[in-house]
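These notes concern the structure reproduced below.
Numbering (this note's numbering), first residue to last: 349 to 747.
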């Protein structure tokens, strides 16, 4: 036992030395190089923006100093964390959550982009929708929007709340007027990237997504449930006390958490060759004076620390199977070791060694039992040879 401890200790010390003397200096050089490249790109963007006389914006968290032009119009980029940045467009649409440190699973070597078609406020009430369609930014940061149309006023704000590991997007819709309004308003997204329409008109999951299935998960009235596979093609509306909902595969997700005074319904549907989902708020009163609909939103990797930063209950959006408690402990241990070694390969090796040490007493007993059985094997073979067909005598001798 002491010898095993010495061997394992020597291996861990060697890996630690290798990490700090070889791997860490190399990664530091790479980071410095990347930082220098990023600084040069930012300086170039500033120069270009200045020459173009773009309106300067608050550059606390956005990547550009003024609205840039894209296929959906003008936008400003913001980062949630080191793994995610996204765009806010001039028509009050959040879109294109870009994950530069991740690549798609179809070997195209393209970065992962979530919510490419965008997510925004909408309504099935014509007057309110006319106001939402007329939204225009009230400041150059493209985080506040307002409009007057349809007999009322509407305002949309996207607040970015800082947390230790990530930022939380807090969308808010304010309505005034619209006397006699009925129907609903919703904060929803649509995405057709993981469905494909065949020549015969049937809709199926794409091959890559079939291997990496999407799940529509939610907690209503304290109970967790989910919808997946072709059931996602059905139109479904769920009511009750909504804690959160999420949609994504086993690596990435979009998560919604209701805030404020109104409790929404959860819905999903497949319409116009696109999957639509989100939170739907019924319009409960006439003359929507000072009505505010609020929620929290996150889109990015399924990182337990990031999700817990936004809301501890979002940790349950990570499905770890039947042995969830064991899985969460192992995940915590792996992340803790990563903070020490800054290398997941080394962290996995060290965790494996620690698990082997933990189960060493049990493994030792199994080894000793096997060794004893191996020593008895020649005697049992002689008994079989001597008493062959006399099973009762052979059994007696074995005993």
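Glycine residues also receive a C-beta, built at the ideal position from the N, C-alpha and C atoms.
If you're wondering where the values come from, they're calculated on a predicted model, not measured in any experiment.
| Query | Result |
| --- | --- |
| Straight-line gap, residue 721 to residue 706 (C-alpha atoms, nearest Å) | 25 Å |
| C-alpha gap between residue 714 and residue 704, whole angstroms | 14 Å |
| Residues bridged to residue 497 (per DSSP) | 500 |
| Beta-carbon proximity list for residue 508, same chain, < 7 Å, skipping 5 on both sides | 409, 426, 515 and 517 |
| Boundaries of the beta strand (DSSP E) in which residue 530 is found, first to last residue | That residue, residue 530, is in no beta strand (DSSP E); it is neither H nor E in DSSP. |
| Collapsed DSSP secondary structure at residue 452 in the structure displayed | coil |
| Best match in 566, 591 and 599 for proximity to residue 584 [C-alpha to C-alpha] | 566 |
| Coarse secondary structure for residue 656, derived from DSSP in three states | helix |
| Minimum C-alpha distance to residue 701 - residue among 685, 716 and 690 | 685 |
| Rounded C-alpha distance that separates residue 653 from residue 513 | 7 Å |
| Assigned secondary structure, residue 648 (DSSP; H/G/I helix, E/B strand, else coil) | strand |
| CA-to-CA distance, residue 497 to residue 480, given in whole angstroms | 8 Å |
| For residue 587, the three-state DSSP class (helix, strand or coil) | coil |
| Residue burial classification, residue 624 (beta-carbon count within 10 angstroms, cutoff 16) | buried |
| C-beta contact flag for residue 644 and residue 605 at 9 Å | yes |
| Residue 433 - containing beta strand (DSSP E), residue span | 432 to 437 |
| Distance CB(residue 499)-CB(residue 475) smaller than 9 Å | yes |
| Alpha-carbon to alpha-carbon, residue 591 and residue 710 | 43 Å |
| Counterpart residues of residue 642 in DSSP-defined beta bridges | 520 and 607 |
| Minimum C-alpha distance to residue 504 - residue among 545, 487 and 688 | 487 |
| Residue from 428, 442 and 431 with nearest C-alpha to residue 422 | 442 |
| Pairwise C-alpha distance: residue 657 and residue 619 | 34 Å |
| Coil, strand or helix - residue 705 by DSSP | helix |
| Proximity winner among 484, 501 and 640, relative to residue 527 (alpha-carbon distances) | 501 |
| Per-residue burial, residue 417 [other beta carbons within 10 Å of its own, 16 or more giving buried] | exposed |
| Cβ-Cβ distance between residue 521 and residue 424 below 9 Å | no |
| C-alpha gap between residue 674 and residue 574, whole angstroms | 22 Å |
| Close beta carbons around residue 610, own chain, < 6 Å, minus the five adjacent residues each side | 629 and 641 |
| Straight-line gap, residue 562 to residue 580 (C-alpha atoms, nearest Å) | 9 Å |
| Reduced DSSP category for residue 728 - H, G, I as helix; E, B as strand; rest coil | helix |
| N- and C-terminal bounds of the beta strand (DSSP E) containing residue 476 | Not the beta strand (DSSP E): residue 476 falls in the alpha helix (DSSP H), residues 474 to 481. |
| Identity of the residue in 725, 678, 440 and 659 nearest residue 519 by Cα | 440 |
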